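Residue numbers (the working numbering), protein chains in the order written: chain A, 1 to 338; chain B, 339 to 676. All C-beta atoms in this analysis are idealised placements derived from N, C-alpha and C, irrespective of residue type, glycine included. For clarity, every value in this text was computed on a predicted model and none was experimentally measured.
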C-alpha cells in the first residue's frame with residue numbers, strides 16, 4: 001500500500017484540472033431540478049429522464065457522474081438521493097441551497113477565475129479594478145436574494161453567543177446586512193432590540209422584504225451607502241460585521257473597526273462572522289481555501305487568522321477578543337468588547 | 339464519529355459548486371511556472387514571489403491553496419513540491435504535463451461546460467452541432483501538440499500487449515494518430531513494421547514531425563481525412579484505435595469496426611485504447627467520469643463498458659475480445675482478432 005500511495009501519479013493533476021466539469025455537472029443537475037425529481041424515490045435513468053423531460057443519454061451520464069461525486073447512490077440501475085442531497089438540494093426542503101448557484105456562478109464570479117495568473121502577476125484583478133468591492137456592485141443583490149437560507153445556522157449561532165440586555169431597549173447595527181439573516185436573528189432573539197441595517201440601496205430592498213417577512217419591521221431601520229464613509233449612528237449594543245472584512249486589506253479593516261468602536265456604547269460588542277483559518281493558513285480547508293475566492297474577486301481581500309483579527313481589534317481600541325467556531329458551519333465568530 | 343459522518347452537510351455542495359476555482363488555481367500555477375520555480379527547494383511565499391516575479395499576496399494565497407489541494411507541502415512558512423508535482427509539473431521533467439492544459443482548457447472544451455443543462459435538455463450540444471467530432475476541428479491540432487508526453491505510458495503498454503511477427507515485414511494502421519505516440523511505440527518495438535497514420539491534414543503535420551523525431555520516418559506514411567469514409571488500405575497486422583470510439587454512438591462504432599475488420603489480415607488485431615468503466619458505470623471513477631467529457635463535447639459519445647465493446651466487436655466480425663488494464667494509467671486496451 002505505502003509504495004503505491006507514494007508512487008508519483010498524474011491522477012491529482014487530471015482530477016483538479018478537470019474539476020470545473022464537476023461544478024458544471026452539479027449546476028446542470030440543479031438547473032434541471034434533477035434532485036427534486038428524484039425526491040424520496042429510487043429511479044432508473046429512463047424514469048428520471050421522463051421526470052426531467054430530457055433525453056435519456058444526458059440524464060444517465062449526469063446521474064452516474066453525480067453518483068461518482070457523492071450526491072446520489074446507485075443500486076443496480078437505480079439512483080436515489082444521499083441524506084445531504086435530500087436536505088440541501090430538493091427544492092421543497094427548507095434548507096434548499098440550489099438558489100445559491102445564482103450567486104456562486106454569477107458571471108462576475110466565474111469570470112474572475114478565467115485568468116487568475118494575470119490577476120496574480122499584475123497584483124490587480126484581470127476583470128475590473130475593484131471587483132465585488134465596487135460601490136453598488138450588482139452581485140450583492142444576487143447574494144442577498146440567494147444566500148439567506150444558507151446563513152441560517154451561522155446567524156442563529158452568532159445570536160446565541162451575544163445575548164443583549166433584556167431589561168431595556170437595545171440597538172443593533174448590521175453591516176452589509178444583505179439577506180438580513182444576521183440582524184434578524186438578533187432581533188428575534190432580543191424582542192427589545194431595534195435593528196439598523198446598512199447596505200447599498202438596491203440590496204436594502206431585499207433586507208426590508210426579509211425584515212417584513214420576519215415580523216420585525218416595526219423595529220427596523222436602514223442606513224444606505226458605503227460602510228467606510230456613511231454616518232453609522234451611535235450608541236449600539238452590538239455591531240454585526242458578517243462576511244465583510246475579508247474583502248479588504250488589514251489596514252482598511254482596522255480603519256473600519258475604529259468606526260465601529262466609535263459607534264458602540266462602552267461595553268458594547270462587535271460580532272465579526274468570518275472564514276477564519278488556523279495560523280498555518282491551510283487548515284481547516286473549507287475556511288482556509290476561502291482566500292482563493294478573495295484573490296479572484298477582490299483587489300486586496302483575504303481569509304484572516306484569529307491572530308490577525310486580534311491585532312486589528314486591539315489597534316481599533318477593542319479588548320477581550322475571542323474566537324468561537326459555529327459548527328456545523330465552516331465559519332467562526334470573533335467577538336470583542338468596546 | 340459515525341453520527342457526524344452521517345449528519346447531512348452542505349460541505350460537498352460547496353466544494354463541488356466551487357470546484358471550478360481549483361482548476362483555475364492549478365492552471366494559474368502552471369501559467370506562472372510556480373512548480374518549476376520551486377524545483378527541489380523549500381521556499382517562503384516572499385522567495386517564491388520573487389522567483390515568479392509576482393507580488394507576494396497572490397503567490398502566498400495560491401501556494402496555500404495548492405497545499406490544500408495536495409500539490410505542495412508546507413512546513414512552517416515554506417513550500418516544497420510533492421513527489422508527483424516534481425515529476426509531472428516541473429517543466430524540465432520528461433513527464434511534464436503542464437502543456438496538456440492548452441488542450442484541456444482550450445476555449446472549445448471549457449465553453450462546452452458553461453451550459454450543460456441546455457445540452458442535456460435538448461439532447462444536442464449547446465455550443466456547436468458536432469462538437470469536437472466536426473471535420474478538421476482545430477482542437478485536435480492542440481491535442482496532438484499538447485498530449486503526446488502524457489500518452490507515453492499507455493502507448494508503451496499497448497505495444498507490449500501486441501507483439502508483431504518479427505520474421506517478416508508488417509503493417510500497422512494508427513487511427514486518429516494525433517501526436518503519434520501509439521503508432522510510434524509499435525514502430526519502435528517492431529523494427530520491420532511500416533506505420534500508416536490516419537488523421538486530419540493539419541494534425542498529420544504534427545504526427546509527421548513526431549515520426550521524424552522518433553527516427554522512423556522511413557517506415558511511415560499517412561492517410562488524410564475522415565476515418566469513417568476514407569480508404570483505409572488493407573493487409574494490416576494491427577489497427578490501433580486509441581481514444582477514438584468514445585466520440586461516437588455504439589452503432590457508428592460498430593460500423594467503423596467493420597471497416598477496421600476489412601482492413602486487417604485474417605488473424606490481425608484491433609487494439610482499442612479507452613476509458614473503460616466497470617459494468618456499474620461508476621467505478622473506477624477516473625474512467626467512469628470520462629462520460630461527462632463526452633456529454634459536454636460530443637453529440638453522442640460515451641465511456642463504454644467492456645461488455646459494450648465486446649458486442650460492437652462481435653457485430654463487426656471480430657472474435658476473442660479481451661480487456662487489459664494499462665496501469666499506472668487510467669486507460670485499458672481492448673483487443674480482438676479479425
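Query, Result
"How would you call residue 298/A, buried or exposed, if buried means at least 16 neighbouring beta carbons within 10 angstroms?", "buried"
"Does residue 366/B come within less than 8 Å of chain A when only Cβ atoms are used?", "yes"
"DSSP puts residue 534/B in a beta bridge; with which residues?", "511/B and 559/B"
"Are any of the Cβ atoms in chain A nearer than 8 Å to that of residue 343/B?", "Note that residue 343/B scores a pLDDT of 47, beneath 50, so its modelled location is shaky; the value from the coordinates is reported in the next line. No, no contact with chain A."
"Could you please give the first and the last residue of the uninterrupted beta strand (DSSP E) stretch that includes residue 606/B?", "602-612"
"Alpha carbons only, please: which of 657/B, 525/B and 440/B is nearest the one belonging to residue 477/B?", "440/B"
"For residue 239/A, which of helix, strand or coil comes out of DSSP?", "strand"
"Excluding the 5 residues flanking residue 385/B on each side, which residues of the same chain have their C-beta closer than 6 Å to its C-beta?", "none"
"Which residue spans inside the region 295-327 of chain A form an unbroken beta strand (DSSP E) run of at least 3?", "319-325"
"Does any residue of chain A bring its CB to less than 8 Å from the CB of residue 554/B?", "no"
"Tell me which same chain residues have a C-beta within less than 7 Å of the C-beta of residue 675/B, skipping the five on either side of it?", "605, 607, 656, 657 and 658"
"Since residue 482/B and residue 516/B should fall inside the 8 Å C-beta cutoff, what is the C-beta to C-beta distance between them, to a whole number of angstroms?", "4 Å"
"Using a Cβ-Cβ cut-off of less than 8 Å, list which residues of the region 123-149 of chain A approach chain B; keep chain order.", "123"
"How about residue 392/B: is its C-beta nearer than 8 Å to some C-beta of chain A?", "yes"
"Looking at chain B, is there any beta carbon in it that lies within less than 8 Å of the beta carbon of residue 331/A?", "no"
"Flag this pair as yes or no: are the beta carbons of residue 10/A and residue 426/B separated by less than 8 Å?", "yes"
"With H, G and I counted as helix, E and B as strand and the rest as coil, what does DSSP make of residue 289/A?", "coil"
"Shortest alpha-carbon distance to residue 462/B belongs to which of 59/A, 210/A and 122/A?", "59/A"
"Classify residue 251/A: buried if its beta carbon has 16 or more other beta carbons within 10 angstroms, exposed otherwise.", "exposed"
"Would residue 435/B count as contacting chain A if we go by Cβ distances under 8 Å?", "yes"
"If the criterion is Cβ atoms closer than 8 Å, does the pair residue 620/B and residue 672/B meet it?", "no"
"Buried or exposed: which applies to residue 507/B, given that a residue is buried once 16 or more other Cβ atoms fall within 10 Å of its Cβ?", "exposed"
"Can you list, in chain order, the residues of its chain whose CB lies under 7 Å from that of residue 4/A, leaving out five sequence neighbours each side?", "Unreliable placement is indicated for residue 4/A, whose pLDDT of 42 sits below 50; no coordinate value is reported for it."
"Would you mind sorting residue 566/B into buried or exposed? The rule is 16 or more other CB atoms within 10 Å of its CB.", "exposed"
"Based on DSSP bridge pairs, tell me the residues matched to residue 382/B.", "416/B"
"Measure the alpha-carbon distance for residue 495/B versus residue 34/A and round it to whole angstroms.", "40 Å"
"DSSP beta-bridge partners for residue 333/A?", "273/A and 324/A"
"So the candidates are 536/B, 433/B, 370/B and 411/B; which of them puts its Cα closest to the Cα of residue 510/B?", "536/B"
"Is residue 201/A closer than 8 Å to residue 245/A when the C-beta atoms are compared?", "no"
"Does the beta carbon of residue 427/B sit closer than 8 Å to a beta carbon anywhere in chain A?", "yes"
"Do you know offhand how far residue 117/A's Cα is from residue 623/B's?", "30 Å"
"Cβ atoms of residue 20/A and residue 358/B: under 8 Å apart, would you say?", "yes"
"Taking contact to mean at least 3 C-beta pairs separated by less than 8 Å, is the region 72-80 of chain A in contact with the region 39-57 of chain A?", "yes"
"Quick one: residues in its chain with C-beta nearer than 6 Å to the C-beta of residue 647/B, no 5 flanking neighbours on either side, listed in chain order?", "672"
"Which stretch, first to last residue, makes up the alpha helix (DSSP H) that contains residue 281/A?", "Note, residue 281/A: premise wrong, no alpha helix (DSSP H); not H, not E."
"With a threshold of 8 Å on Cβ separation, who are the neighbours of residue 25/A within its own chain once the five nearest residues in sequence on each side are excluded?", "62, 65, 66 and 69"
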